[in-house]
Structure formats: structure tokens, C-alpha cells
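Under full-length UniProt numbering, think of the first position of the sequence shown as 1, with each following residue one higher. Cβ coordinates follow ideal geometry from the N, Cα and C atoms, glycine included. These numbers were taken from a predicted model, which means no experiment stands behind them.
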Amino acid sequence: MFLKTDDNRFGLVCCFVTNEQMRISVERMPEDVDNSLADADIYLNTTDRQINALFKDNYDLLSVTLNHILDQSGEIIKNGLSRKTGAQALNNLTDIVDTVEEVQKNVRNVERISKSLKDKADQLQAGLTDSKNRLIFLLEQCETERCVDLKNLPEIRSLRVQNDFQNLPNMTDILRELGQLLGTDVRRSIEEGKRAFNQLGIRIKNEVEPVLPEIKATIDDTGRELANIAKSLSQALTSVPVDEYRSCSYYAVLGVCITLAFIFTLLTLGIFIGFCGRQPGSEYSNECCARKTGSSGIFFMFLTGGILMVVALVHFVAAGGLTQVVCEAVQDGDNRTEDVFRIPRMPVNSRYDYVAPAYSDIIRECRDGASAYTALRLSTVYDIDNITALADRFKHKARRLANQVTLPDEATEGIVFLTPEAKQQLMRFSRSKINKVKFDDFASQLEDSIVSVDLRDLIGRFNITIEDPETSRMSNEVRSRLQNEVLILESLQDKLLTPMLVDVRNAIDSLRFLFEQQKQLATRVEGVAEAAERAQQSLHNSGATQQVRELAREFELEFVRHVEDYANFTYKSIRDSVGQCQPLYTSFNATATTFCHKIGSPLGAFWFSLSGLLVLFIPLIIVAISLARLYRKYRYAGYESGGARRHKRTREPSHSGGSRFPSRFEDTSQKAWGSQLVFNNHHTPPTSGEYERPPPYYYPGPAQ
Numbered sequence: 001m002f003l004k005t006d007d008n009r010f011g012l013v014c015c016f017v018t019n020e021q022m023r024i025s026v027e028r029m030p031e032d033v034d035n036s037l038a039d040a041d042i043y044l045n046t047t048d049r050q051i052n053a054l055f056k057d058n059y060d061l062l063s064v065t066l067n068h069i070l071d072q073s074g075e076i077i078k079n080g081l082s083r084k085t086g087a088q089a090l091n092n093l094t095d096i097v098d099t100v101e102e103v104q105k106n107v108r109n110v111e112r113i114s115k116s117l118k119d120k121a122d123q124l125q126a127g128l129t130d131s132k133n134r135l136i137f138l139l140e141q142c143e144t145e146r147c148v149d150l151k152n153l154p155e156i157r158s159l160r161v162q163n164d165f166q167n168l169p170n171m172t173d174i175l176r177e178l179g180q181l182l183g184t185d186v187r188r189s190i191e192e193g194k195r196a197f198n199q200l201g202i203r204i205k206n207e208v209e210p211v212l213p214e215i216k217a218t219i220d221d222t223g224r225e226l227a228n229i230a231k232s233l234s235q236a237l238t239s240v241p242v243d244e245y246r247s248c249s250y251y252a253v254l255g256v257c258i259t260l261a262f263i264f265t266l267l268t269l270g271i272f273i274g275f276c277g278r279q280p281g282s283e284y285s286n287e288c289c290a291r292k293t294g295s296s297g298i299f300f301m302f303l304t305g306g307i308l309m310v311v312a313l314v315h316f317v318a319a320g321g322l323t324q325v326v327c328e329a330v331q332d333g334d335n336r337t338e339d340v341f342r343i344p345r346m347p348v349n350s351r352y353d354y355v356a357p358a359y360s361d362i363i364r365e366c367r368d369g370a371s372a373y374t375a376l377r378l379s380t381v382y383d384i385d386n387i388t389a390l391a392d393r394f395k396h397k398a399r400r401l402a403n404q405v406t407l408p409d410e411a412t413e414g415i416v417f418l419t420p421e422a423k424q425q426l427m428r429f430s431r432s433k434i435n436k437v438k439f440d441d442f443a444s445q446l447e448d449s450i451v452s453v454d455l456r457d458l459i460g461r462f463n464i465t466i467e468d469p470e471t472s473r474m475s476n477e478v479r480s481r482l483q484n485e486v487l488i489l490e491s492l493q494d495k496l497l498t499p500m501l502v503d504v505r506n507a508i509d510s511l512r513f514l515f516e517q518q519k520q521l522a523t524r525v526e527g528v529a530e531a532a533e534r535a536q537q538s539l540h541n542s543g544a545t546q547q548v549r550e551l552a553r554e555f556e557l558e559f560v561r562h563v564e565d566y567a568n569f570t571y572k573s574i575r576d577s578v579g580q581c582q583p584l585y586t587s588f589n590a591t592a593t594t595f596c597h598k599i600g601s602p603l604g605a606f607w608f609s610l611s612g613l614l615v616l617f618i619p620l621i622i623v624a625i626s627l628a629r630l631y632r633k634y635r636y637a638g639y640e641s642g643g644a645r646r647h648k649r650t651r652e653p654s655h656s657g658g659s660r661f662p663s664r665f666e667d668t669s670q671k672a673w674g675s676q677l678v679f680n681n682h683h684t685p686p687t688s689g690e691y692e693r694p695p696p697y698y699y700p701g702p703a704q
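Encoded structure:
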């Protein structure tokens, strides 16, 4: 019996170990579940934002675009007519006139600077010549070494204005030609033609004005309808009860722990109470381990055996269900868990009855990377096929708008882009003298130095010579006159040379601009003048009414195309990309795998260990019952183990004088082993209430 009980220890240890492992796993499981639920929250919130962006934000942008198109309808059709007839040449004409004005401004600037440079150059030349002569005279009167060095400098004798400003171009004739050009009606003719053509856009806008409020109302109504659709889809997503499952694991684990604690308490008592006592006898004592304690242990085994079997059965069903119904179903994506894991019904405020799809269907769709619309079967909330027909509600109204445009031919007959006089003036300008002036050569000439020497360097040398102590032998008169000449040179530098340098830089910029414009200005003027004349003839002869109707039809198609582009983009996004639940499936699958590994495996090991423990209880109970039956055999005098039969059954009527009570650790049971059956004559006779086993056979005695 000890060996059988010792075998049970292994199963008991396995039960404790698997229970502890399951407890640790269950304690750590909520964190994994929380992470999975947090991923689900992020997924649902992100999908909600995407839906709002499609149905609200994008449509708001579309609404702004459509309203802008409607407000600019006349201008859009007018610009289309301008492209067809070539009337955009009016803009080029205006640019040409602006360029001519800029050319005139730069020519005038060059003319002004040229006169200023010529005058200042004459003054500077006269001043430098006089100063040079006086300096040479004074240096000859000075005999110091420094004076001799200065007198021998070549810069002193070559001091002059070396840039010949008298060769700058005479801009008077060019300015006269430009003045004649701009003094004519060229600009006025161009502006009047542009103004008359722009009136066409205003007239077209007035023709379509009665239809615009109805179209704008349709745009607003469609926006509100799409906002309601987005609200319904958002409610369908946010109604998924993710948070309801957060607290279930705690109470389930608590109940399992309490049940296991109770089971193992009973199991421990059942085993160790059976160990504690001696063989059962016919009486109890006040000792802690009386002879009836062993039978009490067997009683507890029978008492807890049924409970343990129920617990093992429950854990077997739970482990099997977790493995077969949940884990394999999650991995295979079948519908075995449809009834258990169906998403609760979502209370969506829509005119449709929405029923959430089966759990297995959602897992399968998410595994394939489906969108939220496909995975959650939101087609009953809103059928996105309807959005492809969104443009149909605008087509009729856009056609009405196009039919409102009825521009008569006489509306364009009075438009004149360029009068013959203005064209003649432009052609004359293209052949003017401005195209023959070499502005680039003059700019290069101005870049040369104005003075042959650096006046500031020369002034510095004279100051050093005057302040040198070695020139103390210089007379005071010579020193004073040298100082006066230095002041004169500084005055020429500040008042004439420096302003001339500024004028030269400005003149160079103007000449460079004129050179760039000169290369293409004549060609541009001729081309634009001819293009304006062709546009005017096309507008008069090609039938403006028919062209405007074609442009109105194009406007209608363009308006509807914006709506169709939005509808197609929204349809494809909702169907294919919004709320793609592949990441959600990956997160959920990882959590489910962790759950099956950390919970399912210890749960299976627990029921297997507990079942093995119960199986080992069976031989233990059989051995205990066999021993109990052996202990309770009736003690008779004629029984021998070797087969000999006594002829007389004897029983001592009373205790002998040497009788005594058994000690605590003395075995008082009858010895039923050895060569003979040993009778204890000092044993207290059984009471009348005790059970007496009849002898195994009947022996009447020798008298018979």
C-alpha cells in the first residue's frame, strides 16, 4: 500500500506543477489580451478616421471645387473659346506692350546716364589735368627721396580719364520712335479688345446663373447624405464590444484556483490520513492517530474521488474544447466557433438591419487582407455600389446648365483685338533703330576703368610723403600746396568719380536688358500682331455660337467627371483599402497562439495528471479493501494456516492473572500467518454488537 501511495505522489506533483504553470500563464495572459484589444481599438479608430476622411473631408474638398467651377463657369467657357480661336494672343499683346514700355524706360535711363557721364567725364578730365600739372611742379621743388620717387611714377604723368564716354549711343532718335509708338492707340486698342472679349464670360455667367442654386443645393444635400453614411459606418465599427471581455479572465482563473485548492486539500487529506494510523481495531483511543484513522483516509478517498473525477472531466472537456474548438478553429479559420464567437449584434442607426458576420468569416477575410467593409459585411449598412451612381444626380442638372449657354454670333462680331493702325505701329517698331544699336558693346565699354590710375592709392602715397619726418627739409609752402592738391583729388574722387561709378553700373544693367530684349523683341512683336489678327478673324468667321455650345458641353462633362472621380476613388478605397484588417488578424492570431500554448498545454497536462492520479487510486483502494477484509476475519481456535483442524473450539471465559492492556505501539490484531493460528487468550472478548464471522467449516467433535 505504501508503494501505491508513493506512485501517487508523481501525479500529485504534476497536478501542482501544471496548476502553478496555468496560474502564472493566466496572470500574464491579460497583458497579451489587452495588447490585442488595444490593437483592435487602434484599428477601429483608424478605420473610422479613414471613413470620415472619404465621406466628409474629401467631399468637402470636392464641394469647394464644384462650387468654384460653377462660380467661374462663364470664365471657364470664355477661356475655352480663347483657346479655340487663339484669342490668348491678347495676353501676349499686352505683354509686348509692357515689354516695350520697359524698353522705353531703360532707353530713357541710358540716355540720362549717358548725358550725366559725359558732363562728369569732362569735369573730371579738367580737374585731373590741372591737378597733374600742379603736382609735377611741386614735386620738382621737393628734393627728398620720397618726392623723387613720386615724381618718377608713371601714374602721375598719365593721370587722366581713359574711358571715352563720348562714344555712348545717342538715344534721342530711339526715344522719339518709342514715344511715337506708345503715343498711338496701340495700348488702348488692345485693352478695348480684351475688355470686349472678357464681357463674353460675364454674359455666359449670367445665362447659367438661374441653374446654379439648384446644383449647389444638390451638392449640399449629397454632402449631408454622405455624412450620415459615414456616421452609420462609424457606429457600426465603434459598436463592436471590445472592452466587455477584459474582466472575464480574472474571475475564471479565481474560480479554477479555488476549486483546485479544495481538490488538492481533499486529496492530501485522503492520502495522509490513511498513512497516519495503524491497522484498524475494534476500539478507538484518545491518541491522535487512532486505529480507525486509516479507514477514515479510505473514506476521504471515496468522498473526494467523485469530485476529482468531475474536475478531471471538466478539465478534459475544457482542454479538448480549447484545442479542438478554439485553437484549431482559429488556425484553420473554419466555422466551428461560429455560435460561440459570433460578434454581438451592433445597434446601428440606419434603415438597414445589420447582423454581424460569423467569427470564422471575419478571421478568414482578415487573413486574406480584406477591408473592414468586406470583413464586417457592412453592405447592409450601406451598399457602396450606390456611390458609383453618385454622378447621375448631377448629370441632368449639369446638362441643364450647358443648355442655358446660348451666345449669339452677333455678340462676337463687334470685338476688335487690334486695329489696322495699331498693327502698323507695331510693325514699324519691329523695324526701328533700336534693333540696330549694339547695346552689348556699350556695356562692355562701360566696364572699363574710368580713370587710368587708382585715385585712392595715389592720395594715400601723397599723404605718406607729406607726413614722413624725412621731408622736414621741405618748405612749408610746398607742403601746404601738396596738401591742397590732395584735398582736390579727394574731392574729385567723392563728388565726380564715385557717382560716375554708380551711373555706370546702372547703365550697364539697362544696356544688358536692352540687349536681351533686342534679340527677340522684333520677332515677338510681328508674331503676336499676326496671331491677334488671326484670332479676330476666327472669332468672326467660325461661328461663335456653335463653339460656345461645344465648350458648354465640355464644361458639363468636366463638371460630372469631378464627381465620378470622387465616387470611383471612394468606392475603390472602401472596397479594397479602408480598414485592411490583415494587421488585426496577425495580432489576434499571435494572441490566440499564445493563449493556446500557455493555457491549453498546462490545462491538458493538468487533466492528464489528475486522471492518472485517479487511476492510481484504484489499486490503492483495492489493496486497502483487501487488508480490511483480512483484518476483520473472525478469530477462531481451530484454524491453522497449514491445514490442521482443531477438534475443539475454545474461548477463555476470563482474563488470566497475567493479563495486561496492550501498549500504544503494540500490534493487538490476531496473527494470521505462520505455521499455526495463534490465539491471544488475553484479548478482550468481543461484545455482542460486534460482527462475528462464522467458521469456514463445521466440525461436530470426536463424540460423533
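Distance cut-off 8 Å: residue i Cβ against heavy atoms of the ligand ADP
{"i": "R553", "result": "Among the components modelled here there is no ligand, and therefore nothing to report on the ligand ADP."}
For residue i, the nearest candidate out of the options (CA to CA)
{"i": "K495", "options": "C147, K120, G80", "result": "K120"}
{"i": "F197", "options": "A89, K105, L124", "result": "A89"}
{"i": "G80", "options": "V64, G201, I51", "result": "G201"}
{"i": "V103", "options": "Q537, C596, E477, R512", "result": "R512"}
{"i": "G527", "options": "I96, V578, S131", "result": "I96"}
{"i": "A507", "options": "R224, D440, S63", "result": "D440"}
{"i": "C327", "options": "I42, I618, S601", "result": "S601"}
{"i": "D368", "options": "R456, R146, Q580, L93", "result": "Q580"}
{"i": "I204", "options": "D71, T85, A590", "result": "D71"}
{"i": "V504", "options": "T419, L66, N67, L117", "result": "L117"}
{"i": "A422", "options": "S189, I42, L124", "result": "S189"}
{"i": "L489", "options": "E75, A126, I42", "result": "A126"}
{"i": "C596", "options": "N92, I464, N541, A318", "result": "A318"}
{"i": "M474", "options": "I113, Y382, I51, R146", "result": "R146"}
{"i": "Q493", "options": "T523, E477, Q483, L455", "result": "L455"}
{"i": "D60", "options": "E191, R224, H540, E554", "result": "R224"}
{"i": "R195", "options": "A411, I415, F165", "result": "I415"}
{"i": "R187", "options": "A605, P619, Q537, D98", "result": "D98"}
{"i": "S538", "options": "L62, I42, T47, K84", "result": "K84"}
{"i": "L603", "options": "V314, L66, H540", "result": "V314"}
{"i": "S371", "options": "N106, R160, Y571", "result": "Y571"}
{"i": "T47", "options": "R575, P619, I599", "result": "R575"}
Residues that residue i bridges to, as DSSP identifies them
{"i": "V161", "result": "V451"}
Contact under 9 Å by Cβ, residue i with residue j
{"i": "N403", "j": "A217", "result": "no"}
{"i": "I384", "j": "A375", "result": "no"}
{"i": "L128", "j": "V451", "result": "yes"}
{"i": "V578", "j": "V100", "result": "no"}
{"i": "L458", "j": "I136", "result": "no"}
{"i": "V208", "j": "S82", "result": "no"}
{"i": "R134", "j": "E485", "result": "yes"}
{"i": "L418", "j": "G193", "result": "yes"}
{"i": "F569", "j": "L401", "result": "no"}
{"i": "L390", "j": "E564", "result": "yes"}
{"i": "A398", "j": "G86", "result": "no"}
{"i": "L124", "j": "L487", "result": "no"}
{"i": "F555", "j": "I76", "result": "yes"}
{"i": "G562", "j": "I69", "result": "Contrary to the premise, residue 562 reads as His rather than Gly in this sequence. Their beta carbons are under 9 Å apart, which means H562 touches I69 by this criterion."}
{"i": "A522", "j": "L93", "result": "no"}
{"i": "S510", "j": "V110", "result": "yes"}
{"i": "S379", "j": "Q50", "result": "no"}
{"i": "I215", "j": "L62", "result": "no"}
The stretch 126 to 143 contacting the stretch 538 to 551, beta-carbon criterion three pairs below 8 Å:
no
The stretch 56 to 72 / the stretch 513 to 527 touching (three or more Cβ pairs under 8 Å)
no
Which residue spans inside the stretch 474 to 518 form an unbroken alpha helix (DSSP H) run of at least 4?
476 to 492
Pair every Cβ in the stretch 364 to 375 with every Cβ in the stretch 578 to 594, then say whether three or more of these pairs are closer than 8 Å.
yes
What alpha helix (DSSP H) runs, 4 residues minimum, are completely inside the stretch 557 to 596?
582 to 595
Which residue spans inside the stretch 39 to 83 form an unbroken alpha helix (DSSP H) run of at least 4?
The qualifying runs are 58 to 71.
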